[in-house]
Amino acid sequence: MEKRESAPGRIHLAIVRRIPIYNSMMRVTLFGASGLLGQDLVQELKTEQLTAPSSKDADLRDRDRVRELIRDSRPDWILLSAAYTDVDGCESNRDLAFAVNCEGAVNVAEAARETGSRLMFLSTDYVFDGSKRSPYQTSDARKPSSVYGESKARAEERLLEILPEVCIVRTSWLFGHGGKCFPATILKLASTRPEISVVNDQRGSPTFTRDLASALVQLCRASARGIVHVTNAGDCTWYEFATEIMRESGMAAVVKPVTTAEFPRPARRPAYSVLSADSLHAYNVHMPDWRDALRRYLGNAAASVVP
Ligand SMILES: NC(=O)c1ccc[n+]([C@@H]2O[C@H](COP(=O)([O-])OP(=O)(O)OC[C@H]3O[C@@H](n4cnc5c(N)ncnc54)[C@H](OP(=O)(O)O)[C@@H]3O)[C@@H](O)[C@H]2O)c1
Numbered sequence: 050m051e052k053r054e055s056a057p058g059r060i061h062l063a064i065v066r067r068i069p070i071y072n073s074m075m076r077v078t079l080f081g082a083s084g085l086l087g088q089d090l091v092q093e094l095k096t097e098q099l100t101a102p103s104s105k106d107a108d109l110r111d112r113d114r115v116r117e118l119i120r121d122s123r124p125d126w127i128l129l130s131a132a133y134t135d136v137d138g139c140e141s142n143r144d145l146a147f148a149v150n151c152e153g154a155v156n157v158a159e160a161a162r163e164t165g166s167r168l169m170f171l172s173t174d175y176v177f178d179g180s181k182r183s184p185y186q187t188s189d190a191r192k193p194s195s196v197y198g199e200s201k202a203r204a205e206e207r208l209l210e211i212l213p214e215v216c217i218v219r220t221s222w223l224f225g226h227g228g229k230c231f232p233a234t235i236l237k238l239a240s241t242r243p244e245i246s247v248v249n250d251q252r253g254s255p256t257f258t259r260d261l262a263s264a265l266v267q268l269c270r271a272s273a274r275g276i277v278h279v280t281n282a283g284d285c286t287w288y289e290f291a292t293e294i295m296r297e298s299g300m301a302a303v304v305k306p307v308t309t310a311e312f313p314r315p316a317r318r319p320a321y322s323v324l325s326a327d328s329l330h331a332y333n334v335h336m337p338d339w340r341d342a343l344r345r346y347l348g349n350a351a352a353s354v355v356p
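Shown next as structure tokens:
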């Protein structure tokens, strides 16, 4: 608060807001650095002042440890990429899903409030049930149909209450070089089988973790807040994604379209979970098409995955 003389004898109080300037080096604390997205975030943040605790160093469920770490690092931004991401595993481990994805996120948000740090929380297209047939807007009501989706949806609600300035980034269908992902699985199967069956009745947007990491850092610099949808542009079914992987990699396996009903899994997946990019474009950030992203992924992956 600044006390300022305006006219003789009259004093008014002007609130001097701390307006963050992120055109210099940012202090960032990243949870989930060992994950698929986390590894690309570490690369993307290498010119920033980065603290990246492992899950052993700071389990999200350990409130005191999370507080201590954030108090010590005093970040401008906290990127919360860590999560229990086994969608089928969440169905039989509901308590763990909520403890990590919801209560863990709450621990981080409460610590962020104490230090005045901004928080970016990674969320998912699975907060929707997939009954729409046009891209989901950030204003659409959450309606998860899996425990994983529920835990993330509840976390979103809690974080918005605790930190009105939180930035919630919903993304979908991640692939990248940092771990197991759909293209790597398809390439592996195609090297040992003549035919691969892939579901053709779930539509979404594949997202390259390298493109996502770049967009997230741009959003931090733009001081983004609220809900933002960030995926590669365009959409496809898993069958169409697999077909494109085969075409681009020049492998011979035949991809056969099947239905979700033919391959039941413990967790329900949305039949349609394309996320509108309007909220991202509002920050003048644009994502490449998923086919372009796949080509770049395969260009890098070719040496290690395809003999
Ligand atoms: N993958 C997708 O298709 C997808 C789609 C939409 C949204 N998302 C969201 O995007 C984010 C990144 O996903 P991802 O695929 O990169 O995840 P990931 O590869 O499964 O990595 C998860 C990360 O979270 C850490 N972690 C797990 N439990 C923890 C705990 N209790 N305390 C602290 N850290 C813990 C893991 O550490 P360890 O390695 O030590 O276990 C790992 O670094 C997640 O929030 C996810 O929900 C992912």
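In the numbering used here, the protein residues as written are 50 to 356. Quick reminder that beta carbons are idealized off the backbone N, C-alpha and C, glycines included.
Asked, Found
"Runs of beta strand (DSSP E) wholly within the stretch 273-301 (minimum 3 residues, chain order)", "275-278"
"Beta-bridge pairing of VAL248 - partner residues as DSSP gives them", "VAL307"
"C-alpha gap between ARG66 and LYS305, whole angstroms", "Residue placement at ARG66 cannot be trusted, given a pLDDT of 41 that sits under 50; what the coordinates show is reported in the next sentence. Near 58 Å, if we compare the C-alpha coordinates of LYS305 and ARG66."
"Beta bridge counterpart(s) of TRP126 as assigned by DSSP", "VAL77, ARG167"
"Straight-line gap, MET169 to PRO243 (C-alpha atoms, nearest Å)", "43 Å"
"First and last residue of the uninterrupted beta strand (DSSP E) at GLN358", "What the structure shows of the chain is the stretch from 50 to 356, and residue 358 is not part of that stretch, so it cannot be assessed."
"Rounded distance between the beta-carbons of SER246 and VAL307, thought under 8 Å", "5 Å"
"Reduced DSSP category for TYR133 - H, G, I as helix; E, B as strand; rest coil", "coil"
"Spatially closest choice to CYS285 from ARG314, GLY253, GLU311, by CA coordinates", "GLY253"
"CA nearest to the CA of SER200, picked from ARG162, ASN150, GLU206, ARG191", "ASN150"
"Any non-hydrogen atom of ligand 1 closer than 8 Å to TYR321 Cβ", "no"
"Buried versus exposed, by CB contacts within 10 Å (16 or more), PHE312", "exposed"
"In DSSP terms, what CYS139 is bridged to", "CYS139 pairs with nothing; no bridge assigned."
"Boundaries (first-last residue) of the beta strand (DSSP E) holding VAL218", "216-220"
"Beta-carbon proximity check, GLU205 vs ARG191, cutoff 9 Å", "yes"
"Distance cut-off 8 Å: ASN150 Cβ against heavy atoms of ligand 1", "yes"
"ASP174 CB to nearest heavy atom of ligand 1 below 8 Å", "yes"
"SER203 versus ARG345: straight-line alpha-carbon distance, rounded", "As written in the sequence, residue 203 is Arg, which differs from the Ser given in the question. Distance between the alpha carbons of ARG203 and ARG345: 35 Å."
"ARG143 burial status per 10 Å Cβ neighbour count (16 or more: buried)", "exposed"
"Residues near ALA160 by beta carbon distance below 6 Å, same chain, minus five either side", "VAL115, ARG116, ILE119"
"contact_flag[the stretch 330-340, the stretch 280-294] where n(CB pairs < 8 Å) is 3 or more", "yes"
"ASP89 beta carbon less than 9 Å from that of THR258", "yes"
"Neighbour-count burial assignment, ASN249, 16 or more Cβ in a 10 Å radius", "buried"
"Sheet register partners of PHE224 (DSSP bridge)", "PHE257"
"Alpha carbon of TYR197 to alpha carbon of ILE235, nearest angstrom", "24 Å"
"Where TYR197 sits in the DSSP three-state scheme", "helix"
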